[in-house]
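Student: Going left to right, the sequence shown walks through residues 1421 to 1703 as our numbering numbers them. Cβ coordinates follow ideal geometry from the N, Cα and C atoms, glycine included. Treat the numbers as computed from the prediction; the structure is a model and nothing was measured. Input: one structure, supplied below.
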Amino acid sequence: MEKKSIEQLESVASQVRRDILRMVHAVQSGHPGASLGCTEFFVALYFDQLNHDSNFKMEGKGEDLFFLSNGHISPVWYSVLARSGYFSPEEMTTFRKLNSRLQGHPATEEGLPGIRIASGSLGQGMSVAIGAAQAKKIDGDDSTVYVLMGDGEQEEGQVWEAAMYAAHWKVDNLIATIDLNRQQIDGPTEKIMNLIDLRAKYESFGWEVIDTLKGNDMKSVVEGLEKAKSLSGKGKPVMNLLHTEMGFGVDFMVGTHKWHGIAPSDEQLADALGQLPETIGDY
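Structure follows, in structure tokens:
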């Protein structure tokens, strides 16, 4: 895919946010908060950084791979997959409906292009990404494997087993990102289960760690991904701590866990869409 300018990426992000809100509103179900907060990351990854082919092949040979561990933020992923050509944007009208390929949590059974694992049972994505990264090495494929996790997800023990394994086996073609919005379903992470210092923790496990401090600024997100890539291939897995705000882009949703899994009303949708220009065209 041809790379886009920062301004073009921002334009795509506005449309993706509209898609997220409209999908969740239509069925009054889904997770808009973190989807909105991760929009810059997904757009930067799929439209600028990821070497991928929308003519989807499950094995992904010769391509970079992406795995979503916190599968509940499927709306942002579905939008970006559709907008980058994996399937028609019109299919977003089926989100979370019976017999839809766009289930609330991504799954492989439906055969949706772009989806390689079922996700949503938290804590599992990095393990899968590590396996894929090691398979790339065995195959002599120098592509990169990316995975995104939530910060609340760091409370899962499997994450830390995977982190230990990746460093021990020098899985240096792996770039992991944590959506560090400091919110989870029941409230702020510091109150539910304080994560303390994730940088220090991952460094102590043997990872190379960077901070993307402006996770909702497109230029900063692109630069963070470029920096992460520059550090890969040097004997250590790379962790990108992406500092975002849940609900970013909609003034009444930003910075609170309350929109983790709540859909907007008709009036709230109209208000939110009024803040987000239609740039590519609504589905």
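Considering only the beta carbon of each residue, do R1516 and G1453 sit closer than 8 angstroms?
Tutor: For the purposes of this step, residue 1516 is identified with residue 96 of the sequence shown, where counting begins at 1. For the purposes of this step, residue 1453 is identified with residue 33 of the sequence shown, where counting begins at 1. Cβ atoms of R1516 and G1453: not closer than 8 angstroms.
Student: For V1591, which of helix, strand or coil comes out of DSSP?
Tutor: The residue you call residue 1591 lines up with position 171 of the sequence shown. Here V1591 sits in coil by DSSP.
Student: Quick check on this structure: which residue in I1682, L1501, Q1469, P1509 has the alpha carbon closest to the alpha carbon of I1535?
Tutor: Within the sequence shown, numbered from 1, the residue matching residue 1535 stands at position 115. Closest option to I1535, Cα to Cα, is L1501.
Student: Go through its chain and collect everything with a Cβ distance to S1652's Cβ below 7 angstroms, but skip five positions before and after it.
Tutor: Taking the sequence shown and counting its residues from 1, one reaches residue 1652 at position 232. Only T1564, D1592, N1593, I1595, V1658 meet the Cβ criterion.
Student: Alpha carbon to alpha carbon, how far is A1552 from S1431? Give it in angstroms, no decimals.
Tutor: Reading the sequence shown from its first residue, position 11 is the one you call residue 1431. Reading the sequence shown from its first residue, position 132 is the one you call residue 1552. Roughly 32 angstroms between the two C-alpha positions.
Student: Which residues in the same chain as G1524 place their Cβ atom closer than 6 angstroms to its Cβ, once the five residues preceding and following it in sequence are excluded?
Tutor: Residue mapping note: residue 1524 aligns to position 104 of the sequence shown, counting from 1. Hits under 6 angstroms: R1516.
Student: Check this for me: beta carbons of Q1603 and M1666, under 8 angstroms apart or not?
Tutor: Counted from its first residue, the sequence shown places residue 1603 at position 183. Counted from its first residue, the sequence shown places residue 1666 at position 246. Contact: yes.
Student: Roughly how many whole angstroms lie between the Cα atoms of K1556 and D1562?
Tutor: In the sequence shown, counting from the first residue as 1, residue 1556 sits at position 136. In the sequence shown, counting from the first residue as 1, residue 1562 sits at position 142. Straight-line Cα distance between these residues: approximately 7 angstroms.
Student: Where does E1542 land, buried or exposed, given buried means 16+ other C-beta within 10 angstroms?
Tutor: Position 122 of the sequence shown, counting from 1, holds the residue named residue 1542. According to the sequence provided, residue 1542 is Leu. The question's Glu does not apply to it. When all chains shown are included, L1542 counts as buried.
Student: Compare the Cα-Cα distances from L1383 to each of M1478, H1492, L1693, K1424 and report the closest residue.
Tutor: Residue 1383 is absent from the model: the chain starts at 1421 and stops at 1703.
Student: Which runs of the beta strand (DSSP E) at least 3 residues long sit entirely within the stretch 1497-1535? Give them in chain order.
Tutor: none
Student: Given H1445, which residues of its chain have a CB within under 7 angstroms of its CB, disregarding the five upstream and five downstream residues?
Tutor: Indexing the sequence shown from 1 puts residue 1445 at position 25. Excluding its 5 nearest sequence neighbours in each direction, H1445 has C-beta neighbours in its own chain below 7 angstroms: A1683, P1684, L1689, listed in chain order.
Student: Once DSSP output is grouped into helix, strand and coil, what is the label at Q1578?
Tutor: To locate residue 1578, count along the sequence shown from 1; it is residue 158. Helix at Q1578.
Student: Measure from the alpha carbon of T1609 to the alpha carbon of each residue in Q1544, M1638, S1624, T1676, then state which is nearest.
Tutor: Translated into positions along the sequence shown, residue 1609 becomes position 189. Closest in C-alpha terms to T1609, from the list Q1544, M1638, S1624, T1676, comes T1676.
Student: Starting from M1443, trace the beta strand (DSSP E) both ways and give me its first and last residue.
Tutor: Within the sequence shown, residue 1443 is the residue found at index 23, counting from 1. Counted as a single uninterrupted DSSP element, the stretch harbouring M1443 is not any beta strand (DSSP E) but the alpha helix (DSSP H) occupying residues 1426-1447.
Student: Taking 7 angstroms as the limit between beta carbons, can you name the residues of its chain near L1693, skipping five residues before and five after?
Tutor: Taking the first residue of the sequence shown as position 1, residue 1693 is located at position 273. Counting only Cβ-Cβ distances below 7 angstroms, and skipping sequence neighbours, we find R1438, L1441.
Student: So for A1464, helix, strand or coil by DSSP?
Tutor: Locating residue 1464 in the sequence shown gives position 44, counting from the first residue. Helix.
Student: In angstroms, rounded to a whole number, what distance separates the CA positions of L1600 and H1663?
Tutor: As a position in the sequence shown, residue 1600 is number 180, starting the count at 1. As a position in the sequence shown, residue 1663 is number 243, starting the count at 1. L1600 and H1663 have their C-alpha atoms roughly 5 angstroms apart.
Student: Measuring CA to CA, which of E1529, E1427, E1573, S1640 is closest to M1613?
Tutor: The residue given as residue 1613 occupies position 193 in the sequence shown. Among E1529, E1427, E1573, S1640, the Cα nearest to that of M1613 belongs to E1573.
Student: On the premise that T1597 lies in contact with N1660, defined as a C-beta separation below 8 angstroms, what is that separation, rounded to the nearest angstrom?
Tutor: For the purposes of this step, residue 1660 is taken as residue 240 along the sequence shown, with counting starting at 1. For the purposes of this step, residue 1597 is taken as residue 177 along the sequence shown, with counting starting at 1. So it is a contact: roughly 4 angstroms between Cβ atoms.
Student: With 16 as the cutoff for other CB atoms within 10 Å, does W1411 come out buried or exposed?
Tutor: In this structure the chain extends from 1421 to 1703, so residue 1411 is not present and cannot be described.
Student: For the ligand NAD, any of its heavy atoms closer than 7 angstroms to the Cβ of G1531?
Tutor: Looking for the ligand NAD in the displayed structure turns up nothing, as the structure carries no ligands at all.
Student: So if DSSP puts M1659 in a beta bridge, which residue, or which two residues, is it bridged to?
Tutor: Taking the sequence shown and counting its residues from 1, the one referred to as residue 1659 is at position 239. A1596, V1629, per the DSSP bridge assignment.
Student: What whole-angstrom Cβ distance do L1615 and D1571 have, given they're in contact under 8 angstroms?
Tutor: Translated into the one-based positions of the sequence shown, residue 1615 becomes position 195. Translated into the one-based positions of the sequence shown, residue 1571 becomes position 151. Correct: roughly 6 angstroms between the Cβ atoms.
Student: Using CA atoms only, rank isn't needed, just tell me which of K1654, Q1435, V1642, T1528 is closest to L1696.
Tutor: As a first step, residue 1696 is located in the sequence shown; it is residue number 276 there, counting from the start. When each option's Cα is compared against that of L1696, the closest is Q1435.
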